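Undergrad:
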Amino acid sequence: MPPFSILHVCMGNICRSPMAERLLVVAARDLVGDKADELLLVHSTGTGRWHVGDRMDPSAARQVRARGGDPDTFRARQLAAEHIEASDLILTATGEQYEFVLGLDPAAADRTFVLGQFGRLLPRVDLSALPAAAPTPDSVYARGVALVSAAAAVRGGQEPLVGDDLDDPWGRGHAYFGRVADEIEETVRPLAAALLGV
Numbered sequence: 001m002p003p004f005s006i007l008h009v010c011m012g013n014i015c016r017s018p019m020a021e022r023l024l025v026v027a028a029r030d031l032v033g034d035k036a037d038e039l040l041l042v043h044s045t046g047t048g049r050w051h052v053g054d055r056m057d058p059s060a061a062r063q064v065r066a067r068g069g070d071p072d073t074f075r076a077r078q079l080a081a082e083h084i085e086a087s088d089l090i091l092t093a094t095g096e097q098y099e100f101v102l103g104l105d106p107a108a109a110d111r112t113f114v115l116g117q118f119g120r121l122l123p124r125v126d127l128s129a130l131p132a133a134a135p136t137p138d139s140v141y142a143r144g145v146a147l148v149s150a151a152a153a154v155r156g157g158q159e160p161l162v163g164d165d166l167d168d169p170w171g172r173g174h175a176y177f178g179r180v181a182d183e184i185e186e187t188v189r190p191l192a193a194a195l196l197g198v
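Using full-length UniProt numbering, the first residue of the sequence shown is number 1, and each one after it goes up by one.
1. Note down the Cα distance separating A192 from W50, rounded to an integer number of angstroms.
2. Taking the alpha carbon of W170 as the point to measure from, which residue in G163, D182, N13 and Q117 has its own alpha carbon closest?
3. In terms of alpha-carbon separation, which member of F4, V42 and T47 lies closest to V26?
4. In whole angstroms, what is the alpha-carbon distance linking A93 and R120?
5. Confirm, please, whether the CB-CB distance from F100 to P18 is below 7 Å.
6. Quick check: T187 and L115, are their CB atoms within less than 7 Å of each other?
7. Would you list the one or two residues that DSSP bridges to C10?
8. Got a sec? Which residues, its chain only, sit under 7 Å from L102 by beta carbon, not counting five neighbours each side?
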């Protein structure tokens, strides 16, 4: 069984989604060390093709590095249907990108959320009802699939709220990027703990 796969999506894949990708990896490694790389597959893409092949925005990279992550191996990619199909949880930066994902693959609706929306829903999920956590790919996969299903059930038919969106920090200052990185961590750290049962 493959590792549980989380896809982060933003517009250009050089600011928000790569920060979310690498900060989720940091959160998971903080909990289980390098074992996290066997348990989770965390990746990101952008809806546009402007930056394909580019490195992370320098200000985004600075935030990732300051928080213990590695931005150096990152290269931007454009979202394609196969990325969605291969992902167990899809987290978009905004409601617009949420709609873009569903436009490519309507069947992904139950596993696609705006990042801030998922952060709001997560505290309402009964984690004790999920499959028991164990540091194996099979256990984390089963727990992750159940977590996504539970979050979708809690959401019901509720649409994302405007306040769920992550502001685009591109072209802004260091403090602006820091605030966006803080907002990302407010969701990815509880997500890592929920997935890994730590």
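C-beta: ideal position from N, C-alpha, C; glycine also. Predicted model, so just to flag it, every value in this text is computed and none were measured.
TA: Straight from the coordinates:
1. Taking the straight line from one Cα to the other gives about 30 Å.
2. Ranking G163, D182, N13 and Q117 by Cα distance to W170 puts N13 first.
3. Nearest C-alpha to V26: V42.
4. Answer to the nearest angstrom: the Cα atoms are 14 Å apart.
5. No. Outside cutoff.
6. For the 7 Å CB-CB criterion, T187 and L115 form a contact.
7. DSSP output for C10 lists G46 as bridge partner(s).
8. Here the set comprises A108, A109 and T112.
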